[in-house]
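End of the sequence shown = 182 in the UniProt record's numbering, gap-free, step of one.
Glycine residues also receive a C-beta, built at the ideal position from the N, C-alpha and C atoms.
First the structure, in the form of structure tokens, and then the observations on it.
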Amino acid sequence: MFIQTQDTPNPNAVKFLPSRSIADKPEYFTSKKDAKNSFLARKILSIKGVEGVFFGHDFVTVSKNDEINWAILKSEVIMIMMDHFVSGLEPYDSIKAEEKKISNVPLSEIEKQIIEIIETKVRPAVAQDGGDIIYNSFEDGVVKLELKGACSGCPSSTITLKNGIESMLKYYIPEVKEVEAV
Numbered sequence: 001m002f003i004q005t006q007d008t009p010n011p012n013a014v015k016f017l018p019s020r021s022i023a024d025k026p027e028y029f030t031s032k033k034d035a036k037n038s039f040l041a042r043k044i045l046s047i048k049g050v051e052g053v054f055f056g057h058d059f060v061t062v063s064k065n066d067e068i069n070w071a072i073l074k075s076e077v078i079m080i081m082m083d084h085f086v087s088g089l090e091p092y093d094s095i096k097a098e099e100k101k102i103s104n105v106p107l108s109e110i111e112k113q114i115i116e117i118i119e120t121k122v123r124p125a126v127a128q129d130g131g132d133i134i135y136n137s138f139e140d141g142v143v144k145l146e147l148k149g150a151c152s153g154c155p156s157s158t159i160t161l162k163n164g165i166e167s168m169l170k171y172y173i174p175e176v177k178e179v180e181a182v
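Rendered as structure tokens:
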């Protein structure tokens, strides 16, 4: 098995590409408790200096603190991933016991338009950098988005959010006045 690595715009996050499917839905783990259904995520989170593990469709993004060097950390993560997958294990221990609950509140037409743009134009581009952006809410002209994976804590995420995503949403949807990270 060969696992490639790819730097991201966030110097504290690296994208690992194991040439196989990882997750049907993006998921971000910041603690072993969060990763209760993924032995792989728990193992990576147990490495000193690791602050987060993000599962994308076909990649894993690992976020670290400033105290550890990627030269050391990359090889540890690759070794854990290789051992895991060569052993025939899946990214998740079993079917997740509890899927995230989706609100039963109906979406407005504007919210549907916002979500459509995020899903078709924003998320695919952000996934290439090892991250994800999830719609949270829209109220009083303000779109709130969750930044995951490499996007979380990235120095350029504010620029991307304001100059890229906010500009795009304002262009297509005049009701949007501002975009914020939550």
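For residue i, which option in the options has the closest C-alpha, if you only look at C-alpha atoms?
| i | options | result |
| --- | --- | --- |
| K25 | I47, I117, S19 and V60 | V60 |
| residue 246 | I78, K48 and V53 | No answer is possible for residue 246: the residues shown for the chain start at 1 and end at 182. |
| E175 | Q113, W70 and E90 | Q113 |
| K74 | A125, L17, K36 and K162 | L17 |
| L145 | I117, K33 and D129 | I117 |
| I3 | N10, I22, P11 and N12 | I22 |
| V179 | V14, F138, V126 and N10 | F138 |
| N10 | I159, I173, G164 and P91 | I159 |
| I110 | Q128, G141 and R123 | G141 |
| S31 | Q6, V62 and K15 | V62 |
Measure the alpha-carbon distance for residue i versus residue j and round it to whole angstroms.
| i | j | result |
| --- | --- | --- |
| I133 | L169 | 14 Å |
| T8 | A41 | 19 Å |
| I44 | Y171 | 40 Å |
| E166 | S87 | 44 Å |
| residue 232 | E51 | A question about residue 232 goes unanswered here, because the residues of the chain that appear run from 1 up to 182. |
| D58 | N37 | 18 Å |
| K148 | S157 | 11 Å |
| A181 | L161 | 8 Å |
| V53 | E27 | 8 Å |
| V122 | I68 | 31 Å |
Tell me the DSSP bridge mates of residue i?
| i | result |
| --- | --- |
| T61 | K15 and F54 |
| T30 | T30 is not bridged to any residue. |
| L169 | Answer is none; L169 lacks a bridge partner. |
| T5 | F16 |
| V179 | V143 |
Which whole-angstrom value describes the C-beta separation of residue i and residue j, a residue pair presumed to lie in contact below a C-beta threshold of 8 Å?
| i | j | result |
| --- | --- | --- |
| A35 | G130 | Actually they do not touch by this definition, with Cβ atoms about 18 Å apart. |
Which runs of the beta strand (DSSP E) spanning at least 3 residues fall entirely within the segment 124–160, listed in chain order? Qualifying beta strand (DSSP E) stretches, in chain order: 131–139 and 142–149.
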